[in-house]
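Chemist: Before I ask anything, let me first share the structure, which is written out below as structure tokens.
Residue numbers (the working numbering): 7 to 58.
Laid out in structure tokens, this is it:
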């Protein structure tokens, strides 16, 4: 699951770390927005750790 997530993120951001950080900031500042599709902080943290 983590690999698939990483592949999807890469397909949108490439290796642009600034874009990735801006996206993370947006979602952190706007919890509950329609773009999160069930993603909460706990699940996001789990995926981030799995990708490391």
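The beta carbon of each residue, even a glycine, is placed where N, CA and C say it ideally should be.
Note the first and the last residue of the continuous alpha helix (DSSP H) segment covering residue 13.
Modeler: From DSSP, the alpha helix (DSSP H) with residue 13 extends over 8–19.
Chemist: CA-CA distance, residue 24 and residue 32?
Modeler: Roughly 12 Å separates the two Cα atoms.
Chemist: Alpha carbon to alpha carbon, what distance is there between residue 11 and residue 46?
Modeler: Using only the alpha carbons, I get a separation of about 14 Å.
Chemist: Below 6 Å CB to CB, which residues in the same chain sit around residue 57 once its five sequence neighbours on both sides are set aside?
Modeler: Cβ within range, chain order: 8 and 12.
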